[in-house]
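Counting along the sequence shown from 1, when you hit position 155 you're at 287 in the working numbering, and nothing is skipped either side.
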Amino acid sequence: MLGWVLGLLLTGLVLAVGGFAAAYALVKVPDPNTLADAQTSTVYFSDGTTKLGTFAALNRQNVTLDQVPEPVQKAVLAAEDRTFYENRGVSPTGIARALWSNVSDGTSQGGSTLTQQYVKNYYLTDAHSYRRKFEEFFISLKIDQQQTKDQTLQNYLNTVYFGRSAYGVQAAAQAYFGVDASQLNVSQGALLAALLKGPSNYDPRKGPEQTAAATARVKYVLDGMVSQGWLSAADRATAGLPETIEVKPASNDQWRGPNGYLLKTVETELTSSTVGLTEEDVERGGLKIVTTFDAKAQEAATDAVAGQLPKKLPDGFHVALSAIDPKTGGVTAMYGGSDFLANQYNDVTQAVAQPGSTFKPFALVAGLEQGISLKTTFDSSSPRTVDGWTVGNYGGEEFGRIDLVTATEHSVNTVYAQLNAEVTPARTRDVAIAAGYPQDTTGLQDNIANVLGTASPHPIDVTQAYATFAAQGRRTQWHTVATVDDSTGTRTYTASPTVTTAFAGDVAADATYAMEQVVNSGTGSYAKRLNRPAAGKTGTTNDSMAAWFAGFTPDLAASVGLFQTSADGKTNVKLDLGGGEVTGGSYPVRIWTAFMRAALDGTPKTDFPDRANVGSAKGSGPSSSSSSSSSSTRTGSPTGTPSQTATDTPTGTATDTPTDVPTGTPTDEPTSTPTSSATRSSATATSTGAPTSAGSAGGSGGGAGGASGGAGGAQAQPSAAAVATGAATGAATGAAAGAGTDG
133 MLGWVLGLLL TGLVLAVGGF AAAYALVKVP DPNTLADAQT STVYFSDGTT
183 KLGTFAALNR QNVTLDQVPE PVQKAVLAAE DRTFYENRGV SPTGIARALW
233 SNVSDGTSQG GSTLTQQYVK NYYLTDAHSY RRKFEEFFIS LKIDQQQTKD
283 QTLQNYLNTV YFGRSAYGVQ AAAQAYFGVD ASQLNVSQGA LLAALLKGPS
333 NYDPRKGPEQ TAAATARVKY VLDGMVSQGW LSAADRATAG LPETIEVKPA
383 SNDQWRGPNG YLLKTVETEL TSSTVGLTEE DVERGGLKIV TTFDAKAQEA
433 ATDAVAGQLP KKLPDGFHVA LSAIDPKTGG VTAMYGGSDF LANQYNDVTQ
483 AVAQPGSTFK PFALVAGLEQ GISLKTTFDS SSPRTVDGWT VGNYGGEEFG
533 RIDLVTATEH SVNTVYAQLN AEVTPARTRD VAIAAGYPQD TTGLQDNIAN
583 VLGTASPHPI DVTQAYATFA AQGRRTQWHT VATVDDSTGT RTYTASPTVT
633 TAFAGDVAAD ATYAMEQVVN SGTGSYAKRL NRPAAGKTGT TNDSMAAWFA
683 GFTPDLAASV GLFQTSADGK TNVKLDLGGG EVTGGSYPVR IWTAFMRAAL
733 DGTPKTDFPD RANVGSAKGS GPSSSSSSSS SSTRTGSPTG TPSQTATDTP
783 TGTATDTPTD VPTGTPTDEP TSTPTSSATR SSATATSTGA PTSAGSAGGS
833 GGGAGGASGG AGGAQAQPSA AAVATGAATG AATGAAAGAG TDG
């Protein structure tokens, strides 16, 4: 009888062992759950240390165990698993107790080892079931065999939830104490350990009840450390409930103001084919992303806009400021709007606006390439008909026969119309594309009026083109991401932008020389306050729908564009700041100068290359203002001096203190002919036979999305239909009809 019983018991034992072995073999260690490995990706300014923002599915940044002070490690073990370094990763009695609790009263109970908690956090879900407990037990056994105890503790500390939206000890240290995990002291470690039992119940900032609970739990942890020999009695006597920082409410503060436009631009580039990351990589990869944005330059951009414009701006008023390092193509600053949370449409990279006479230097380059030197003279009488297109200078000003330097300096429309006819509008367009305008830029056509800025580029395209001038004809594609490191610190991406030669260096040198005179004594002379070599060009579209200054030093290129839309964002309206005309020589050049001065402060002054004197001098065009075509007669040098002095820059005594409205009457204005209609959806040409294929330079239609020129208005974004209508209308109204721009 006894033998039978012993045999039965032995058989049962064998079956039990066999069943255990089978279960151990059958339960596999699964892949981590969806958020187990998710870490916050951090975005930095170009110095690699100043934080710009984060991308995160949840708030977590992993650290190595040696970055966590040993007293903090021991505090966690004192709270959660004092036999961690001795046990096999499971607690059979704890699991039995939890199962009995489930069976007896339907409640869930803990009792798990630290390894089991880690398995639950990392591999399983929070679902409570017999099956999950079964899997947790066997996976924990396997993990204990596959990982060292230090590895398990490190992984646990990086995945466990501490409250305040903080996953892992690094995020928790920041959330509760505003320090890195490596700086935590004994008391702070004890509170973090106490929080593991239930963060919402032990956060002292939540109220008196939670403070009392936290005090008791911290005492339990500290006393446990003493009992285990992990903390001396003397250190225990000085430890207790630590002071915590205020709870930071969950918010989108990093996206507030202009900062959000930077982060969104970076995020878009990261997931583009250029960098090749997925959205999941960005939000969960724990990446270190260093951008091209310069913290000082970005602050300078924000301050320049705030300091130079009136405090109260009309609805629908837009400011686009961007800057590019011409040597690298890196965008160093971007002002895409006043508040990303209020309007996510970026006025630098998404909006479009006609550039006015900032387009003229492309015709100048085309002329230099064809041997037309800066000394070539043209008759500046106004109005003038060129290839069937009648164009005039602002206010009908005439300068006599002038060379291309003077024509650039004072932005003389009639001269540039003749130059464009001579080099061909198609070549002018091609130079713009080579310099940085995308080939599919709205309204970028090869009609005679394109020289006055009938296309509608994104403001960043204008900056890109002027960065090409600054780089002596070499175009480096703009970008905002410099490097990306993965969560282990391995460099996975380094920017290598495309570099092309848009035009020869000697051509760039002569074009730059002409644009230097714009700053020295022309329509952009306010920029002389920069007190270093600078070149640029003003631009104002027909009826002052947009105003620009685009300029550069050898080390930095920047553009400032102002444009305004109706309250619904569907149509362009005249810029209105409560005073005189807003032109490129007024607010835009003031903002540009204030920005450049601050951004370049402390950097050495660099000179431009010497003028190269490309080509030979010509005299072009008869003196009659009624000429219907442009003819060329070669002469030596200018036959006269300008008959009057342009005053495109606000007159009066300039000061560094901004005024709400520039003083004086700027002349950097659209011509009075041709004009556009009130609705600006169509226009009537001032001469017969004018081309009919280009967009009108100031019109919402001619802007080919003049609606889109204001896209992203402060009140509303234009609809796709509005943009499409603008483009279609602009293409149909004709180059002559609205292409009158200032200078």
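Cβ coordinates follow ideal geometry from the N, Cα and C atoms, glycine included.
*Rounded to whole angstroms, what's the CA-CA distance from T633 to S314? Just pull it up for me.*
For the purposes of this step, residue 633 is taken as the residue at position 501 of the sequence shown. For the purposes of this step, residue 314 is taken as the residue at position 182 of the sequence shown. The alpha-carbon atoms of T633 and S314 are separated by roughly 50 Å.
*Beta-carbon separation of I421 and V616 under 8 Å?*
What you label residue 421 is simply residue 289 of the sequence shown in a count that begins at 1. What you label residue 616 is simply residue 484 of the sequence shown in a count that begins at 1. Yes; because the gap between Cβ atoms is below 8 Å, this pair is in contact.
*asked:* For the ligand COA, is there any heavy atom lying closer than 7 Å to the beta carbon of T672?
replied: This structure lacks the ligand COA; in fact it carries no ligand of any kind.
*asked:* In the DSSP output, what is M466 paired with across the bridge?
replied: For the purposes of this step, residue 466 is taken as the residue at position 334 of the sequence shown. Answer is S454.
_Cβ pair P340, L373 closer than 8 Å_ = The sequence position of residue 340 within the sequence shown is 208, counting from 1. The sequence position of residue 373 within the sequence shown is 241, counting from 1. No. Outside cutoff.
*Using beta-carbon positions only, say whether L419 and Y299 come within less than 8 Å of one another.*
On the sequence shown, residue 419 is found 287 positions in, with the first residue counted as 1. On the sequence shown, residue 299 is found 167 positions in, with the first residue counted as 1. The answer is no: Cβ separation not under 8 Å.
_To the nearest angstrom, how far is the alpha carbon of D700 from that of F449?_
Counted from its first residue, the sequence shown places residue 700 at position 568. Counted from its first residue, the sequence shown places residue 449 at position 317. Near 12 Å, if we compare the C-alpha coordinates of F449 and D700.
*So I592 is in the alpha helix (DSSP H); what residue range does that whole segment cover?*
As a first step, residue 592 is located in the sequence shown; it is residue number 460 there, counting from the start. First-last of the alpha helix (DSSP H) with I592: P591 to A602.
*Give the straight-line distance between the Cα atoms of Y254 and T291, rounded to the nearest whole angstrom.*
Taking the sequence shown and counting its residues from 1, the one referred to as residue 254 is at position 122. Taking the sequence shown and counting its residues from 1, the one referred to as residue 291 is at position 159. Each residue's Cα considered, the two are about 7 Å apart.
*Distance, S332 Cα to T460 Cα*: On the sequence shown, residue 460 is found 328 positions in, with the first residue counted as 1. On the sequence shown, residue 332 is found 200 positions in, with the first residue counted as 1. Taking the straight line from one Cα to the other gives about 49 Å.
*Element boundaries [alpha helix (DSSP H), containing Q320]*: Stepping through the sequence shown from its first residue, residue 320 is reached at position 188. Here the alpha helix (DSSP H) through Q320 covers V318 to L327.
*Under 7 Å Cβ to Cβ from V76, same chain only, skipping five residues before and after it: list those, please.*
The structure shown does not extend to residue 76, since the chain is modelled only from 133 to 875, so the question has no answer here.
*Residue ranges of each alpha helix (DSSP H) within the segment 452-538, 4 or longer*: 492-501
*Quick one: what's got a C-beta closer than 8 Å to A305's C-beta in the same chain, skipping five residues either side?*
Start at 1 with the first residue of the sequence shown, and residue 305 comes out as number 173. For A305, where only same-chain residues beyond five positions count, the Cβ hits under 8 Å are V311, D312, A313, Q315, L316, Q320 and L324.
*With DSSP collapsed to three states, give me the class of K750.*
The residue given as residue 750 occupies position 618 in the sequence shown. It is coil, neither helix nor strand.
*Count the CB pairs spanning the segment 585-602 and the segment 568-575 that are closer than 8 Å, and state whether there are at least three.*
yes
*Count the other C-beta atoms from every protein chain shown that fall within 10 angstroms of the C-beta of D213, then say buried if there are 16 or more, exposed otherwise.*
For the purposes of this step, residue 213 is identified with residue 81 of the sequence shown, where counting begins at 1. It is buried - the Cβ of D213 has at least 16 other Cβ atoms within 10 Å.
*Pick from A344, T343, Q342 and A369: whose alpha carbon is nearest that of S355?*
Your numbering for residue 355 matches position 223 in the sequence shown. Looking at the sequence provided, one finds Asp at residue 355 rather than Ser. The option with the nearest alpha carbon to D355 is A369.
*With T464 and T397 assumed to form a contact (beta carbons below 8 Å), what rounded beta-carbon distance in angstroms separates them?*
Here residue 464 refers to the residue found at position 332 when the sequence shown is read from its first residue. Here residue 397 refers to the residue found at position 265 when the sequence shown is read from its first residue. About 13 Å; that fails the 8 Å criterion.
_On the DSSP bridge list, what partners appear for R606?_
By 1-based counting over the sequence shown, the position of residue 606 is 474. Beta-bridge pairing links R606 to T633.
*Where do the N-terminal and C-terminal ends of the beta strand (DSSP E) with Y696 fall, by residue?*
Here residue 696 is taken as the residue at index 564 of the sequence shown, counted from 1. The amino acid occupying residue 696 in the given sequence is Gln; Tyr does not appear at that position. Per DSSP, Q696 belongs to the beta strand (DSSP E) from A689 to T697.
*Relative to the C-alpha of V117, which residue among N478, A553 and T247 is closest?*
Because residue 117 is not part of the residues shown, which for the chain are 133 to 875, the question remains open.
*Along the chain, where does the alpha helix (DSSP H) that runs through T284 open and close?*
One-based indexing of the sequence shown puts residue 284 at position 152. Counting along the chain, the alpha helix (DSSP H) containing T284 begins and ends at K281 to T291.
*Can you give me the start and stop residues for the alpha helix (DSSP H) that E332 sits inside?*
Here residue 332 is taken as the residue at index 200 of the sequence shown, counted from 1. Sequence inspection shows Ser at residue 332; the Glu mentioned does not correspond to that position. Note, S332: alpha helix (DSSP H), P331 to Y334.
*S404 to K750 span [Cα, whole Å]*: Stepping through the sequence shown from its first residue, residue 404 is reached at position 272. Stepping through the sequence shown from its first residue, residue 750 is reached at position 618. Using only the alpha carbons, I get a separation of about 48 Å.
*Reduced DSSP secondary structure (H/G/I, E/B, other) of K737*: Stepping through the sequence shown from its first residue, residue 737 is reached at position 605. Coil at K737, not helix or strand.
*asked:* Could you pull the DSSP bridge partners for T546 from this structure?
replied: One-based indexing of the sequence shown puts residue 546 at position 414. T546 pairs with nothing; no bridge assigned.
*Range of the contiguous beta strand (DSSP E) that encloses G185*: Mapped onto the sequence shown, residue 185 falls at position 53. Start and end: K183 to F187.
*Please classify G833: does DSSP put it in a helix, a strand, or coil?*
Along the sequence shown, one-based indexing puts residue 833 at 701. Low per-residue confidence applies at G833: pLDDT is 31, beneath 50, and the placement is therefore not dependable enough to give any value.
_Member of D675, A690 and S676 whose CA lies at the smallest distance from the CA of A682_ = To locate residue 682, count along the sequence shown from 1; it is residue 550. Of D675, A690 and S676, the residue nearest in Cα terms is A690.
*How many Å lie between P790 and Q440 at the Cα?*
The residue given as residue 790 occupies position 658 in the sequence shown. The residue given as residue 440 occupies position 308 in the sequence shown. Unreliable placement is indicated for P790, whose pLDDT of 36 sits below 50; no coordinate value is reported for it.
*Could you work out which residue in L328, A614 and V251 is closest to F425 when comparing CA atoms only?*
Taking the sequence shown and counting its residues from 1, the one referred to as residue 425 is at position 293. The option with the nearest alpha carbon to F425 is A614.
_Buried versus exposed call for E554 [16 or more other C-beta atoms within 10 Å across all chains shown]_ = Counted from its first residue, the sequence shown places residue 554 at position 422. Buried is the call here.
*Would you kindly report the start and end of the unbroken beta strand (DSSP E) that includes W724?*
In the sequence shown, the residue the question calls residue 724 occupies position 592. Careful: W724 lies outside any beta strand (DSSP E), inside the alpha helix (DSSP H) at Y719 to A731.
*Just confirm the distance between the C-beta atoms of T725 and R661, as a whole number of angstroms; I'd bet it's less than 8 Å.*
Taking the sequence shown and counting its residues from 1, one reaches residue 725 at position 593. Taking the sequence shown and counting its residues from 1, one reaches residue 661 at position 529. Confirmed, about 5 Å.
*Go to S657, then tell me how far its beta strand (DSSP E) extends in each direction, as first and last residue.*
The sequence position of residue 657 within the sequence shown is 525, counting from 1. Looking at the DSSP string, S657 is not in any beta strand (DSSP E), and its letter there is neither H nor E.
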